[in-house]
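Novice: For the protein sequence lines, the chains are A and B, in the order given.
Just so you know, we're using the numbering used here here: the first sequence kicks off at 1 and counts up by one.
Just so you know, we're using the numbering used here here: the second sequence kicks off at 1001 and counts up by one.
In this text, a Cβ means the ideal position worked out from N, Cα and C, and glycines have one as well.
2 protein chains.
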Amino acid sequence: MTADAAPAGAGPVGGALPAARTRPLPAGAARLEPSGLLGRWQERNAAATVPHCLGALETSGALDNLRRLLDPADPEHHDGPYRGFNFADSDVHKTLEAVAWESARSGAPRHEDEVRRVVGLLRRVQAPSGYLDSHVLGGAAASAEPYADLRWGHELYVLGHLVQAGVARARATGRDDLLDVATAWADDVVSRLDEGEELVCGHPEVESAFVELYRETGDPAYREAARRMLDLRGYGRLGSGPFEPAYHQDATPVRAADEVAGHAVRQLYLLAGVVDLYLETGEDALLAAAARQWDDAHGRRTHVTGGMGSRHKDESFGDPFELPPDRAYAESCAGVASVLWDWRMLLATGEARYADSLEHALLNVVAAATSTDGTAFFYSNPLQVRTGHDGADEYQASGRRGWFACACCPPNLARLVASLHTMVASRDADDGALAVHLYADADLEDGDGSRVRIRTGYPWDGDVVLTADAPSPVPLALRLPGWADAARTRLEVDGAAVDVAAVLDARGYLRVGAGARRVRLSLPMEPRALAAHPHVDAVRGCVALARGPLVHCLEQVDHGVALEDVTLDLAAGLEVGPADDVLGVGATLVGSGRATSSAGVPLYRAVDGAVEGDAPVAPVDLQVRAVPYAVWGNRGEGPMRVWVPAAASARPGDRGRSGR
Amino acid sequence: MTADAAPAGAGPVGGALPAARTRPLPAGAARLEPSGLLGRWQERNAAATVPHCLGALETSGALDNLRRLLDPADPEHHDGPYRGFNFADSDVHKTLEAVAWESARSGAPRHEDEVRRVVGLLRRVQAPSGYLDSHVLGGAAASAEPYADLRWGHELYVLGHLVQAGVARARATGRDDLLDVATAWADDVVSRLDEGEELVCGHPEVESAFVELYRETGDPAYREAARRMLDLRGYGRLGSGPFEPAYHQDATPVRAADEVAGHAVRQLYLLAGVVDLYLETGEDALLAAAARQWDDAHGRRTHVTGGMGSRHKDESFGDPFELPPDRAYAESCAGVASVLWDWRMLLATGEARYADSLEHALLNVVAAATSTDGTAFFYSNPLQVRTGHDGADEYQASGRRGWFACACCPPNLARLVASLHTMVASRDADDGALAVHLYADADLEDGDGSRVRIRTGYPWDGDVVLTADAPSPVPLALRLPGWADAARTRLEVDGAAVDVAAVLDARGYLRVGAGARRVRLSLPMEPRALAAHPHVDAVRGCVALARGPLVHCLEQVDHGVALEDVTLDLAAGLEVGPADDVLGVGATLVGSGRATSSAGVPLYRAVDGAVEGDAPVAPVDLQVRAVPYAVWGNRGEGPMRVWVPAAASARPGDRGRSGR
């Protein structure tokens, strides 16, 4: 290890991060309490999701694919055929990473016997070169030669996840066994790159992983390998047909890209890697390109739930403003990847908008991907399910499923949630301020041995109280969420009201000087109706209901008439409804609406003066109930919609500084 | 041949059709004149599209795939690898069918030397069993065994198109050479079915073809084979994963189906076959199922252009009312197939709504698929192209292309257009009335040796004049289009006005008794604004502009501001605009609108009382120009939209009996 290496016990994105404007807290400096939403989520992840993933590695065949390499002829080693997609090994690696972060979080190795068995298995089947992809080694690929199919082979993708698992285990437990397996393979890739092999993976992931490997080992060869792989990309080396180069982010060099394009998860992982390299090198062109693409993604191609990837076909970002609620792909992995990208953008810039986006994706699309019991998952996350929906396709299922033919999402969710506590706060590089990004019941170290406790009912309640054991030796920086109007936000420091506008910095944080003992932030939590940019044709005339960071949705189970027949009366206002213990949410939303039967209305009809014709029958007034999108689909399967047609009779009027 | 066999020279769906309510005219009884739209289309098809397809059979490798079978080692026979999808043979067969109908239309064999060379080639490479699929015979398939992969192999699909080509050539030219090749293969399939082999093709098509083969040969074994293949379907015999049985219409038995489902072209070909069998057997359950599915398709799953198939993913019908304009798949082949289905429904029932639908699909989605010069094609037919559209994918190209990796559409369009004249009119089974379905300059035989001439400027003009050489010996039945208000339609028989309501029959036709010499039908041609059913969320607040049977669209080239910023002022009315000689259309539409810049509007914003916020800048008034959808994309590539946001300020009010 060199002086640059990450300290033992760091979380993801560990290390000195020379170009960062704000840096992750040291190991163990942040803990989420189970009294709050995020802490409970981590507990559920530990108790249910991680064990569920470990079990699925057996039932899905992912571990058998590796065991078979021990001796294909021995039935004890499962000589059935290779099972799953050619990147099934990554399910193993992501689960190992989740276990590692969970060990770090809980302060003790978890599932250690199982992990050691898997690590032992990996070590035994690893080729002498270090190569370790069971799809190729097991003869299931078209070629037995490694890297024969860079476009579809996913080998470097699998390596990337193995590296991240090894790094996580080393940081969490101090054990290098898995890291050694990963570096043996990584070293072979570095050698090949050094010898001029043009290794570009059809599915980006390894770029970010190699930067992490550099951070963990201090060996700049990995950083340079990541740079080389990014430099090689964007010139069509991966070929085309049936997928175009843009699908693999191979149409435009990374520094020249202005827009997100192609397969959403691939694009988002790549961008995380681009910012990872920036954090180590400070090369402005990398951050500038990532920022341009972030503006494009968040200004033109993100669903109101934070979901990304509009198209089922090719799992891709679509055209600008192509954001269909019913056919939103919004893969759970894209939600995870967007959080990873946001976190790196936040570290690189210290700007609140990246934390806003991180929180928004986390509490909406990412949260919705998992059932309330932690053992069932959505692959894609639509914003509407219609009456009559055919949910046979696992990519647009009517309900969550325990596992998938392509099982990328569940362990990806598990590894993210197990490391959530590392994203609550960071330390600003310039003045050492403790910057708080996520409001949740948490205990933070303030950098001087004393602690800051955060207590809040957020996101159900807008009051956030920070209490320091001793006068804080560093300034505090509290994120003012983009949806919160500064004029209606209150801040109190040690009992004295503070002018919010006066302490709001250019990055979007409320700055509190060193020495404070008790800070109370009160965010405005009135329900909001959100409209989309007029170019989002798919939701014209509709609103999405939100409160604080949470987007809400209507579920059929709460309404006695078909959801498709409901129109919201915006002028009647929105109220905060009671908590729902079944769903585990602290509040719901209630509004007024009307139901108009569309029975007998032809598919197309001529209209004279306006689009809305006279209703064929008198509308029926009804109460509309909206629940957080994060918990939809937990009371049986049925229609749901985030975007609700709003009555045209109400008066116009915009408000607020941001839509979300 | 038996007494039931089709008369020499018949068109598609030839033969006695015992269960038909109305029957195709005899061979040569209908001719389209090049003075009219449909006649010109046929001329262009003959002069440009058919030769283009013949040429593409060479350049695409489709003919080489067959030649290679002569002697794979001989370079003269092209020993390169198989090219194209595994059903590339069907491109050859569909082109041969197009040439045949074109020969029938023009009254003389066309491209006869080329056709004989191809027929000779097919005969030489045909296996002794009759089997003739070059993908399997050439060793390009995973198994050399025929029918080893019924789900994906497309072998019976290829056979179906070969049969239809052979039937068409026999009817058009009296030559049985190609029919003999087809029957040799078909006979082997019949034997296999008789021996209990469960032959169900993943891509329906052969069912309709076998009924045609029965009609042409009189041999009931083919009809029974078609019945058997329909009976076998719907029980999951084709297996599942990655596609579900519904994709292949194998989830529900054909007589039990209530909804269209799965891959749209597959579904539509299957339904054509179902009705073909009904026309021969009169089995009510077949027609009842087809009618239920037709109501579902046309009531919940058809774009306003007549396009079918909402999803790019799986090329499938989506959920009810899932009709996105930008991502409409609306494959050209689905348009062709829906016309084939409509024609059979019309023959089975005599009901005008099926002719309405046939004409609507023909003049909108099918017409749009081909460029005005006849040599470039759309694979999918979106109803919107956005600013910034990525048109690299041939399935959502920014412009028409000369050929495709999957080249099903161009020869499919060619074969349909070459036989259009056979759909202009039919003879009713009950009273022998000459029922006129398509208004176009045409000459028809009235069944007694004398002729009826139709002359009209339709679809640009609503006046249609029928003139008989002698007093018509049979009644006439004139379709009253669904979009035409009977109260504003005028009918004049031999100079005397007739009360339209009094002569409108239950099937939707205006009945004129025998003996008439001159009939003038005047249809109301005012522009119409169409709104969609309120469950079609994707076009809420928008209208589509139509006149007569033509749906129109806005093209960027006609507007100085971004199409996405344009709102139509419905209250200001719509006018008929001048003809456009470049596009070859007799009229356009003109309306008033306003353009509102959306610069600076966030992707999502909070609104207080209504969805439409105050415009950030004052809107600019502008003239809106709409051109027929059939000719969009012929003046360079650029944004286009069928559905246009309509100003909310206008007053409500429905009108008309039907939307289209």
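Does any CB atom of chain A fall closer than 8 Å to the CB of Phe1085 of chain B?
Specialist: Residue numbering aside, residue 1085 of chain B sits at position 85 when the second sequence is read from its first letter. No - not a single Cβ of chain A is within 8 Å of the one on Phe1085 of chain B.
Novice: Looking only at its chain, what residues have a beta carbon closer than 8 Å to the beta carbon of Cys333 of chain A, apart from the 5 residues adjacent to it on each side?
Specialist: Numbered from its first residue, the first sequence carries residue 333 of chain A at position 333. Contacts found: Val265, Cys408, Cys409, Asn412.
Novice: Hey, does His1298 of chain B have any beta-carbon neighbour from chain A nearer than 8 Å?
Specialist: What you label residue 1298 of chain B is simply residue 298 of the second sequence in a count that begins at 1. With 8 Å as the cut-off, His1298 of chain B counts as an interface residue toward chain A.
Novice: To the nearest angstrom, how far is it from the Cα of Arg655 of chain A to the Cα of Pro320 of chain A?
Specialist: Sequence index remark: in the first sequence, residue 655 of chain A carries index 655 (1-based). Sequence index remark: in the first sequence, residue 320 of chain A carries index 320 (1-based). At Arg655 of chain A, the pLDDT of 35 sits below 50, so the modelled position is not reliable; the number obtained from the coordinates is stated separately. If I take the Cα positions, the gap works out to 25 Å.
Novice: Return the residue from the list A:Pro473, A:His437, A:Ala470, A:Thr49 that minimises the CA-CA distance to Val464 of chain A.
Specialist: Position 464 of the first sequence holds residue 464 of chain A. The shortest Cα separation from Val464 of chain A among A:Pro473, A:His437, A:Ala470, A:Thr49 belongs to A:His437.
Novice: Where does Ser1592 of chain B sit, in a helix, a strand or coil, going by DSSP?
Specialist: Your numbering for residue 1592 of chain B matches position 592 in the second sequence. Three-state DSSP puts Ser1592 of chain B in a strand.
Novice: Use the C-beta contact count for Gln623 of chain A: other C-beta atoms within 10 angstroms, 16 or more gives buried, fewer gives exposed.
Specialist: Stepping through the first sequence from its first residue, residue 623 of chain A is reached at position 623. Exposed: under 16 other Cβ atoms inside 10 Å.
Novice: Would you say Tyr1604 of chain B reaches chain A, if we count a Cβ-Cβ gap shorter than 8 Å as a contact?
Specialist: Here residue 1604 of chain B refers to the residue found at position 604 of the second sequence. Yes, Tyr1604 of chain B counts as interfacial toward chain A.
Novice: What residues in its chain sit with their C-beta under 7 Å from that of Arg1023 of chain B, if we drop five residues either side in the sequence?
Specialist: Taking the second sequence and counting its residues from 1, one reaches residue 1023 of chain B at position 23. Only Leu1017, Leu1347, Ser1426, Arg1427, Ala1429 meet the Cβ criterion.
Novice: Spatial neighbours of Asp1565 of chain B within its chain, please: CB distance less than 8 Å, with the 5 preceding and 5 following residues excluded, ordered by chain position.
Specialist: Taking the second sequence and counting its residues from 1, one reaches residue 1565 of chain B at position 565. If we look at Asp1565 of chain B and ignore the five residues flanking it on each side, its Cβ neighbours are Ala1595, Thr1596, Ser1597, Ser1598.
Novice: Could you work out which residues of chain B lie near His263 of chain A, taking near to mean beta carbons separated by less than 8 Å?
Specialist: Taking the first sequence and counting its residues from 1, the one referred to as residue 263 of chain A is at position 263. Simply none; closest approach about 13 Å.
Novice: I need the DSSP call for Arg455 of chain A, collapsed to helix, strand or coil.
Specialist: What you label residue 455 of chain A is simply residue 455 of the first sequence in a count that begins at 1. Here Arg455 of chain A sits in strand by DSSP.
Novice: Taking only beta-carbon positions, decide if Gly1613 of chain B is within less than 8 Å of chain A.
Specialist: Residue 1613 of chain B sits at position 613 when you count from the first residue of the second sequence. With a pLDDT of 49 at Gly1613 of chain B, under the threshold of 50, the predicted position of this residue should be treated as unreliable, and no value is reported.
Novice: Does DSSP put Phe1317 of chain B in a helix, a strand or coil?
Specialist: Sequence index remark: in the second sequence, residue 1317 of chain B carries index 317 (1-based). Phe1317 of chain B falls in the coil class under three-state DSSP.
Novice: Considering only residues of the stretch 378-455 of chain A, which uninterrupted alpha helix (DSSP H) runs meet the minimum length of 4 residues and lie entirely inside it, listed in chain order?
Specialist: The stretch 378-455 of chain A contains these whole alpha helix (DSSP H) runs: 409-418.
Novice: If you follow the alpha helix (DSSP H) that Val503 of chain A is in, where does it begin and where does it stop?
Specialist: To locate residue 503 of chain A, count along the first sequence from 1; it is residue 503. Taken as a continuous stretch (DSSP letters only), the alpha helix (DSSP H) holding Val503 of chain A covers 500-503.
Novice: Is it true that the CB of Ala487 of chain A sits closer than 8 Å to the CB of Arg547 of chain A?
Specialist: If you number the first sequence from 1, residue 547 of chain A lands on position 547. If you number the first sequence from 1, residue 487 of chain A lands on position 487. Not a contact, by the Cβ cut-off of 8 Å.
Novice: Counting only beta-carbon atoms, is Thr1302 of chain B nearer than 8 Å to chain A?
Specialist: Counting from 1 along the second sequence, the entry for residue 1302 of chain B is found at position 302. Output row for Thr1302 of chain B: interface = yes.
Novice: For the structure I just gave you, are there three or more beta carbon pairs, one from the stretch 1249-1261 of chain B and one from the stretch 1278-1291 of chain B, closer than 8 Å?
Specialist: These segments touch.
Novice: Mind reading off the beta-carbon distance from Glu1259 of chain B to Pro1549 of chain B? Whole number of angstroms is fine, and I expect it under 8 Å.
Specialist: Looking up residue 1259 of chain B in the second sequence gives position 259. Looking up residue 1549 of chain B in the second sequence gives position 549. The pair is not a contact, with the Cβ atoms about 26 Å apart (cut-off 8 Å).
Novice: Provide the residue span of the beta strand (DSSP E) that contains Arg1192 of chain B, from first to last.
Specialist: Numbered from 1 along the second sequence, position 192 holds the residue referred to as residue 1192 of chain B. Unbroken run through Arg1192 of chain B is the alpha helix (DSSP H), 1177-1194; no beta strand (DSSP E).
Novice: If you draw a straight line from the alpha carbon of Arg227 of chain A to that of Gly80 of chain A, how long is it in whole angstroms?
Specialist: The count along the first sequence starts at 1 and reaches residue 227 of chain A at position 227. The count along the first sequence starts at 1 and reaches residue 80 of chain A at position 80. Looking at the two C-alpha atoms, the distance is approximately 40 Å.
Novice: Determine which residues share a DSSP beta bridge with Tyr1604 of chain B and list them.
Specialist: As a working mapping, residue 1604 of chain B is identified with position 604 in the second sequence. In DSSP, Tyr1604 of chain B forms a bridge with A:Ala532.
Novice: In whole angstroms, what separates the C-alpha of Gly613 of chain A from that of Pro1473 of chain B?
Specialist: Within the first sequence, residue 613 of chain A is the residue found at index 613, counting from 1. Within the second sequence, residue 1473 of chain B is the residue found at index 473, counting from 1. In this prediction, Gly613 of chain A scores a pLDDT of 49, lower than 50, which makes its location untrustworthy; the coordinate-derived value is nonetheless stated afterwards. Gly613 of chain A and Pro1473 of chain B: Cα-Cα distance of roughly 46 Å.
Novice: For Ala496 of chain A, which beta-bridge partners are listed by DSSP?
Specialist: Along the first sequence, one-based indexing puts residue 496 of chain A at 496. In DSSP, Ala496 of chain A forms a bridge with A:Val493.
Novice: Taking C-beta to C-beta, are Gly1273 of chain B and Leu1230 of chain B nearer than 8 Å?
Specialist: Start at 1 with the first residue of the second sequence, and residue 1273 of chain B comes out as number 273. Start at 1 with the first residue of the second sequence, and residue 1230 of chain B comes out as number 230. Yes, they are a contact pair.
Novice: If you run the structure through DSSP and keep just helix, strand and coil, what is Arg117 of chain A?
Specialist: Translated into the one-based positions of the first sequence, residue 117 of chain A becomes position 117. The answer is helix: DSSP assigns Arg117 of chain A an H, G or I state.
Novice: Compare the C-beta of Pro324 of chain A with all C-beta atoms of chain B and state if any pair is closer than 8 Å.
Specialist: By one-based count along the first sequence, residue 324 of chain A stands at place 324. So yes, Pro324 of chain A belongs to the interface.
Novice: Just to confirm, is the Cβ distance from Arg528 of chain A to Ala1606 of chain B under 8 Å?
Specialist: Position 528 of the first sequence, counted from the first residue, corresponds to residue 528 of chain A. Position 606 of the second sequence, counted from the first residue, corresponds to residue 1606 of chain B. Yes.
Novice: Report the partner residues of Asp1463 of chain B according to the DSSP bridge assignment.
Specialist: In the second sequence, counting from the first residue as 1, residue 1463 of chain B sits at position 463. Asp1463 of chain B pairs with B:Ser1522.
Novice: Quick check on Glu1145 of chain B: buried or exposed, where buried means 16 or more other Cβ atoms within 10 Å of its Cβ?
Specialist: Sequence index remark: in the second sequence, residue 1145 of chain B carries index 145 (1-based). So Glu1145 of chain B counts as exposed.
Novice: At least one CB of chain B closer than 8 Å to the CB of Leu530 of chain A: is that the case?
Specialist: Your numbering for residue 530 of chain A matches position 530 in the first sequence. With 8 Å as the cut-off, Leu530 of chain A counts as an interface residue toward chain B.
Novice: Answer yes if the stretch 511-522 of chain A comes into contact with the stretch 449-463 of chain A, meaning at least three C-beta pairs across the two stretches below 8 Å, and no otherwise.
Specialist: Judged by Cβ distances under 8 Å, the stretch 449-463 of chain A makes contact with the stretch 511-522 of chain A, as three or more pairs qualify.
Novice: By how many angstroms is the C-alpha of His533 of chain A removed from the C-alpha of Ala1615 of chain B?
Specialist: Against the second sequence, residue 1615 of chain B aligns to sequence position 615. Against the first sequence, residue 533 of chain A aligns to sequence position 533. Caution is warranted here: a pLDDT of 49 is assigned to Ala1615 of chain B, below 50, making its placement in the model unreliable, and the coordinate value is therefore given only provisionally. Their backbone Cα atoms lie some 12 Å apart in a straight line.
Novice: Return the chain-ordered list of same chain residues with a C-beta closer than 7 Å to the C-beta of Ser1658 of chain B, the five sequence neighbours on each side being excluded.
Specialist: Walking along the second sequence from the start, residue 1658 of chain B turns up at place 658. Residue placement at Ser1658 of chain B is poorly supported in this model, since its pLDDT is 40, which falls under 50; the coordinates still yield a value, given next. Within the same chain, Ser1658 of chain B has close Cβ partners Gly1482, Trp1483.
Novice: Determine the extent of the alpha helix (DSSP H) in which Cys1201 of chain B is found, giving its start and end residues.
Specialist: On the second sequence, position 201 is the one that residue 1201 of chain B refers to. Neither: Cys1201 of chain B is in no alpha helix (DSSP H) and is coded neither H nor E.
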